[in-house]
Every structure is written in structure tokens, then in C-alpha cells.
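Here's the structure, in C-alpha cells; my notes come after.
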Amino acid sequence: MWLNIITVGGAIPPNFTEGQEFFVDYNFFIEPQREEDTLRQNFTLRERFKNGFSLFYAHRRQDEEVRSTLTAITPDEYTVNTVGADYAHQGLFLLAEYSEEDSTQIPSTSKKLHGRYSWPLSQDTSASVQVLNQWLDFGQPDARDVVLFKTGAELFSRLTDKYDVSARVDYRDEDDTRFGTTRGFQMRSELRYNFRQLSVVTGVEYNTLNRRDDEIDGSFLYIRLKRFF
1 MWLNIITVGG AIPPNFTEGQ EFFVDYNFFI EPQREEDTLR QNFTLRERFK
51 NGFSLFYAHR RQDEEVRSTL TAITPDEYTV NTVGADYAHQ GLFLLAEYSE
101 EDSTQIPSTS KKLHGRYSWP LSQDTSASVQ VLNQWLDFGQ PDARDVVLFK
151 TGAELFSRLT DKYDVSARVD YRDEDDTRFG TTRGFQMRSE LRYNFRQLSV
201 VTGVEYNTLN RRDDEIDGSF LYIRLKRFF
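Given below as C-alpha cells:
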């Protein structure tokens, strides 16, 4: 579409020239009507022994039907099977887990080792340290391997029966065959309100990461509300 400026019996507006042509581009699009029917199923079987050791199997499944008026949309369907073992004794927790996900989007397998130790500082305050190592193998169409190492510490304090506060810092070392190496720190602080089935969380998170020699710094404030029925 073009517009031709012609001035008759008047002054030409500033920054315009008589006879000047202005071209205007318009983009029109129609949002297709879309309907989704999603069914999620999950269950966990666990055998816990008296010495704090336990074995478990977990199953998650999502079946989805998507209807669109204009385009064909691949439904997000997946089946995840997980087997693992964990050990809990006083403040010590250890976990070993293997998971396979068959998905219409991106199938994957995961192996994870996780350890955490917690101890009380006072009646209402506790501290914890943890370490995690995870190996991820993604299939087509986004075939890549990821090795993630993460370690950190957290402070938690219960202020009242309804309010608690926490602060956490983590060091992240991630090696991705597609996106390269990412290293740096992630820090987070949260204030939580709990009342019956209602939970409200407000927090701030700050990240300072290095990826492919590029500094990635970011911070954001978030509010999350959850209601249980």
C-alpha cells in the first residue's frame, strides 16, 4: 500500500514534501481456533526398608488430542518410566535414579545422582548442602547430550506458623554438545505464606553465568500462587 501526499491551499506539514510517496506495510494474520484434551496419569510404587533404604518405580503418562482449524499440530504426548533407589538417615539423603521418556516431541533418557545433608541451626532454622550430577541424552529432532553438575547451600527459617523464608546459592557447571559449556552461580531468596490449602510465594532470583565466553547476567522477581483442592 502506498500514500501520495498532495497539498492544496495550505502549508506542507513539517518533514513532508509535496508529491512524496510513503509506503506502509501491513501484516494480517488469523489466530487459528485450537482445542486441547489432555489426560495425565502418574503413580509411584515404593518399598521402604527399616534401615532407611528404599526402592521405587514411577510412571508418568500424558495423552493429548489437539484440534486446530488451520494447521496440523503434533500433540505433546509422553510416557516416562523411572526406577531408582534412595537412602535417608537423619539429615543425610542419597538418591540414584534412571529415567526413560518416550515423547512425540523430544524423547530422552536421564541418569541422576543426588546427595543432600541438612542440620538444624536452631529450633526454627536449618541449613543444608547438596550436590547433583545428571547425564541427559536427548533424541531427534534435537539430538544432543548434556552433563550437569550442580552444588549449593541453602538456609531455611520458619518465621511463624504461616510464614517462612529461604535463601539459596548454587554453582552450575553444564556441558552441552550443542550449546557448549555454561558455568556460574545462581542465587534465589523466597518468602512463603501457607494457610490451609493456599500457598503464596514471592521471590527474587539472580544469575551470573558464562557461556561460550559470554557473560549472561539476569535477575527477576516472581510471585507464585497455588491452591490445593
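Residue 65 in this note's numbering sits at position 65 of the sequence shown, with consecutive numbering throughout. Idealized CB from N, CA, C, for every residue including glycine. Computed from a prediction, not measured in an experiment: that's the story for all the values here.
Inter-residue spacing [alpha-carbon to alpha-carbon] between residue i and residue j
i, j, result
"Gln123", "Asp161", "13 angstroms"
"Gln197", "Val146", "37 angstroms"
"Arg172", "Lys111", "17 angstroms"
"Thr151", "Leu132", "6 angstroms"
"Gly218", "Asn207", "5 angstroms"
"Val80", "Glu97", "13 angstroms"
"Lys226", "Ser199", "5 angstroms"
For residue j and residue i, believed in contact at Cβ under 8 angstroms, the rounded distance
i, j, result
"Arg192", "Asp164", "5 angstroms"
"Phe56", "Arg46", "4 angstroms"
"Glu77", "Asp37", "Rounded, the Cβ-Cβ distance is 12 angstroms, inconsistent with contact."
"Ala127", "Ala153", "7 angstroms"
Boundaries of the beta strand (DSSP E) in which residue i is found, first to last residue
i, result
"Ser189", "180-195"
"Gln41", "34-48"
"Asn272", "The chain is shown only over 1 to 229; residue 272 falls outside these bounds and no answer can be derived."
"Pro120", "108-120"
"Asp102", "92-103"
Proximal residues to residue i (C-beta, below 6 angstroms), its chain only, five neighbours per side dropped
i, result
"Val201", "Glu190, Arg192, Arg224"
"Phe229", "none"
"His114", "Leu95, Leu132"
Three-state class that DSSP yields for residue i in the structure shown
i, result
"Pro141", "coil"
"Arg212", "coil"
"Lys162", "coil"
"Leu228", "With the sequence shown as reference, residue 228 is identified as Phe, and Leu is not the correct amino acid for it. Three-state result, Phe228: coil."
"Ile223", "strand"
"Thr71", "coil"
"Gly52", "coil"
Beta-carbon proximity list for residue i, same chain, < 7 angstroms, skipping 5 on both sides
i, result
"Leu221", "Val204"
"Pro107", "Glu101, Gly139"
"Asp142", "Ile106"
"Thr177", "Arg144, Asp145"
Residues near residue i by beta carbon distance below 8 angstroms, same chain, minus five either side
i, result
"Gly10", "Confidence is the limiting factor: at Gly10 the pLDDT is only 48, short of 50, which leaves the residue's position unreliable, though a coordinate-based value still follows. Nothing listed; no residue qualifies."
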